[in-house]
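Working notes, structure below.
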Amino acid sequence: MYVADSRATRAGSAERAAGPGTQPARRRVAVAPTVLALGTVSLITDVSSEMVTAVLPLYLVAGLGLSPLGFGLLDGVYNGFSALVRLVGGHFADRGGGRHKLVAVFGYGISALCKPLLLLAHTLTPIGLVLAADRTGKGLRTAPRDAMISLSSPPESRGRAFGVHRAMDTAGALLGPFAAFLILRATVDGYDAVFTVSFCVAAVGVLVLVLFVPSKTGTPGAAKPAGHHRPEPAGAPRPTLRAALALLRQRRIRRIAVCALLLGLATVSDSFVYLLLQHRLGVPDRWFALMPVGTAAAFLLLALPLGRLADRIGPWRVFLAGHVALLGAYGLLLSAWHGAALPYLVLVLHGSFYAATDGVLMAAASQSVPEELRSSGLALIQTGQAFARFVCSLAFGAAWTAWGDRTALLAAAVALAVCAASSLRIGPAPKVSA
Amino acid sequence: MTRLRTRLLVLLCAVTVLAIVATTAVLHAAARSDRLDVAKPGGPVVAAGRVTLTDEHRMVFRNMAWGPHRDELTTVPVAAPTGSRTASGVKCLRFYAASGTGVCLQAVHGALQDTYRATILDRSLKEKAHYPVAGIPSRARVSPSGRLATWTVFVGGDSYAGTNFSTRAAILDTRTGELVPSLEQFAIRKDGRPYRAADVNFWGVTFASDDRHFYATLATKGHTYLVRGDLRDRTLTTLRTNVECPSLSPDETRIAYKSRDAGLPADAPWRLHVLDLDTLADHPLAETRSVDDQAVWKDGSTVTYALPGDFGADLYEVPADGSGRPHRVLTAAVSPAYL
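This is the structure we're talking about:
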C-alpha cells in the first residue's frame, strides 16, 4: 500500500481541509473532496443537459413544427466528432502538466453557454450547430475530469471514487428530465424557461468546478513512474502526442485497450437491448421510454458498491464480471422464459453491466497510465471502446437483418463470451496495489 | 478557512442571482397565458365558436398564435384565410380530417412525463376512441372516405436514448376498430424481392380512396423509398427512392413529397417535388426553402405546407406543377385540412 498520506496533507491542499475528510486515512479513506466536487459538478451539469435533451424532441416537433428525424441522422456524426474531441481534450489537459482543470472548465463552459443560444435558434441548422458545440464541450471535458478523479484518489480507493462519481452523474441524469417536465407543467409552452433554467444550473456547475476543484489535482511526476500520487510539482517535460500514442506500446495499457476494444465489439447498443426486450416480451409501447430509466436506476444504485468491490478484488475482475452480467441479460432475452419479472431482471443486469464497467474501466486503466499522461491515456481507452461499440452496432444491425433478432443476439452472446474468455487470458493480472 | 468561506460566499451569491433569473424565467412563462389573453395587435383574431368537420369552404388547422386558443383546432374560410379564426377548444399537436372524421394527436400531461395518444373525432369534434402512442406525434392523415386514420410518431425521444429517433406508423380502421400498430408487421417487397431489416422505419402515410391502398415512406440503410401499401394483403412494395412524406393528389395520379436533394446542407436537405405516378416524371416545385412537412393538396393544382415561423409555423401554398411562386396563406398555423 502506498497511500501518500504525508504528501497528501502537504502538497495536496490545505484549503481542501473541509471537515473529516482531511486526513486520508489508510485503506478506508473517504472519497477525496475533489471527487465529491467533481461528482457535484457532473450531477449539476447532467441535470442541466438532460433537461434540454428531454424536451428537445418535443420542442422541435410541437414547438417549432420540425421533424427531429433529420437531426437524428446528424447525431451519429456529432458522436463520432465527440470521440475525436475527447482525444484532443485529453492531450491538451496533459500538456504543460496539470491543465486538467483548465480544459475541463473550458469544456463545461462551452456546454453551459450553448443553453441560452438555444433560445435564439429556431431552425434546424442553428440548433444543430449549438448542439454540436455542446457535444464538443462534453468531449473536451470527459478525459481531464476522469484524470482528476483518478489523480486525487489513492489507487486502492479509485473504484470507489469512480463509483461515487458515476452514481452522482447518473443521479443528475435522472433528475434532469424530471425538472424539465415540472417546468413544462408549470408554464405555458415553457421551453424558453427550460433553456434558461438549464443555463442557470449549468452555470452553477461551472462555478462549483472553478471554486471547489483544486487546479493541482496531482501534478505529473515523471520522475516517479511507480505511480506515487500527488508528488511535488516537478519540471516535467511536456508530454507530446507521440508520447500519448506510445502508451499503447506499454504491455499493460495495450492489453487493457485491446480488451476494452474486444469487449466493446460484443456490446450491443442500448437501443437494441430495449428493442429486443420489446420484441421478445411484447412490452407495451408506453413503457418503452421507461426502459432506459430502469437501466439508469440500477446503474445509480450499483455504481458505488461495485466500485468498492473493484477496490477489494481488483477492477479488472469486476470489469469482466460486468460483462458476465451483460451476457446474463442476453441469455435471459434468448431464453424461452417469459415471466413478468423478466424485463426487470434484464434491466437490472444491464444497469449492473454499466455500474461494473463504466467507472471501473477508468479505475483499472488509471493503475497503468502514468500520471503525466493520465488524461490522454484514459481518452485513448474511452475512444477505442466507443469506436468498438459503434462497430458492434453496425454489425449487429446487419446481423439482425440477415438472420433475425434471435440469431443475431445469439451471435453477440457467443462473441461476448469468447471476448470475455480471451480478456481473462490476456487482460492484466488482478492487481490491487502497484 | 477564510478562503473556503470566500468561495462559499461567491457560490451563494451566484446561486442567488441565478435562482432569481431561473425563477423569473419560469414565472414569466407561467404567466404567459394571462398576459396573452388579449390578442396581439396585428396578430390573427381568434374567437371561440362552434367548429364541425363538415363546415364547407373552410380549412381547419392547429392555431399556434399566442393566446387563450393556442394549440386549438381552429377554422377559417378558405377564401379569406386572414379573416377571423374560430377556435374549437380541442387541442392537438397534429391533426387531419376528411369526410367528417378527424384524427387528433394529443399530449396527455402526466405527473412526471407527457404521454401521447391518437384520438378519433367525429364531425362535431366529439371523441369516438383513443389509442395510446409510443412517442411524439408527427404525421396524421385520414382516408378520403373518412374510414381509415393513420399516424406517425417518433419513438426514442427519451433522454437516455439520445437523439437517435425511429418512427412508427399505425393505421386504424375507424369502422371496425382494427388497428395496425406498426407497419413493420407488413411484408416488404423491395426491388421485386422480399426484404427484411432491423432498421426499417415508416412514416407519412397517405391513403387512396379505395380504403385499401396507401403510400408511405420506408427508410432503411440510410435510404428512403416510396412504398405502395395494401391493407388487405398486408404488403408494402417499393416504387422508387428518395421520397419522404408522400401526399396523394385528389385525382390519385400524382404524389407531392419532400425530396432530399443533392448538394443541399445535411440539416436542411428537403425540397418539395411532385411525382407523376404514371410517367414517373418529377417536378420540383417553386418553393426553394427546405420543407419538413407532409404537404396537403388544397385542390388538384395547389399544395399547402408548413415552414417554421415566428409563432412556431406558418402555412404556405405553391402551385403543384412547378410554376408560380410560394405565398404565405396563414401565420401561426400548422396541420391544415380542407373541409
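Residue numbers (our numbering), protein chains in the order written: chain A, 2 to 435; chain B, 39 to 377. Using N, Cα and C, we set each Cβ at its ideal position, and we do this for glycine too. As the structure is a prediction and not an experimental result, all values here were calculated from the model.
- Of the candidates B:P307, B:S339, B:L315 and B:Y354, B:P307 places its Cα closest to the Cα of A:L125.
- Of the residues assessed, B:D337 falls on the exposed side of the cut-off, its CB having fewer than 16 other CB atoms within 10 angstroms.
- In the structure shown, A:A122 adopts coil according to DSSP, grouped into three states.
- Beta-bridge analysis with DSSP links B:I158 to B:V141 and B:A167.
- A:A414 has a beta carbon lying at 9 Å or more from every beta carbon in chain B.
- Going by DSSP, A:A416 is part of the alpha helix (DSSP H) stretching over D406 to I427.
- From the beta-carbon of A:D406, the residues of chain B found nearer than 9 Å are A236.
- Between B:V98 and B:L277, the alpha-carbon positions lie close to 32 Å from each other.
- Here DSSP, grouped into helix, strand and coil, assigns B:V53 to helix.
- Rounded to the nearest angstrom, the Cβ distance from A:G177 to A:M52 is 5 Å, consistent with a contact under 8 Å.
- For B:V243, the enclosing beta strand (DSSP E) begins and ends at N239 to F245.
- Scanning chain B for C-beta atoms nearer than 7 Å to the C-beta of A:H123 yields P346, reported in chain order.
- Here A:A181 is buried, its C-beta having at least 16 other C-beta atoms within 10 Å.
- In this structure B:S328 does not touch B:H311 by the C-beta definition: roughly 13 Å separates them, more than the 8 Å allowed.
- Residues of chain A whose Cβ lies closer than 9 Å to the Cβ of B:I174 are, in chain order, P58, L59, L61, V62, A63 and P69.
- Near chain B, meaning a CB-to-CB distance below 7 Å, the residues of the stretch 93 to 126 of chain A are H123, T124, L125 and T126.
- Put simply, the backbone Cα of B:T214 is about 14 Å away from that of B:Y169.
- Using a 10 angstroms sphere on the CB of B:K259, the tally of other CB atoms stays under 16, which defines it as exposed.
- Here A:V325 is not near A:G164, since their CB atoms are 9 Å or more apart.
- A:G352 and A:G295 have their C-alpha atoms some 8 Å from each other.
- DSSP, reduced to helix, strand and coil, places B:E355 within a strand of the structure shown.
- Secondary structure of A:R186 (DSSP, three-state): helix.
- Annotation: Cβ neighbours of A:R186 in chain B (cutoff 7 Å, chain order): H147.
- Taking 9 Å as the threshold, the shortest C-beta distance from A:G91 to chain B does not fall below it.
- Pairing B:R272 with B:F240 gives a Cβ-Cβ distance that is not under 9 Å.
- With fewer than 16 other CB atoms across the displayed protein chains lying within 10 angstroms of its CB, A:G405 is exposed.
- Using a Cβ-Cβ cut-off of 9 Å, A:G265 does not count as an interface residue toward chain B, since no Cβ of chain B sits closer than that to its own.
- Listed in chain order, the non-local C-beta contacts of A:G138 below 6 Å within the same chain comprise G108, I111 and S112, local neighbours out to five positions each way being set aside.
- Per DSSP, reduced to three states, the secondary structure at A:K116 is helical.
- Put simply, the CB of A:T241 is far from chain B, with every gap to its CB atoms at 9 Å or more.
- By the beta-carbon neighbour count (other beta carbons within 10 angstroms, threshold 16), B:E165 is exposed.
- Taking a beta-carbon distance threshold of 9 Å, A:A204 counts as an interface residue toward chain B.
- Unbroken alpha helix (DSSP H) stretches of 4 residues or longer found wholly inside the stretch 89 to 170 of chain A: 101 to 121 and 125 to 152, given in chain order.
- Closer than 9 Å to the CB of A:D193 there is at least one CB belonging to chain B.
- When Cβ pairs closer than 8 Å are counted between the two stretches, the stretch 338 to 354 of chain B is seen not to touch the stretch 55 to 72 of chain B, the count staying below three.
- Residues of chain A with a Cβ closer than 7 Å to the Cβ of B:L131 are, in chain order, A63.
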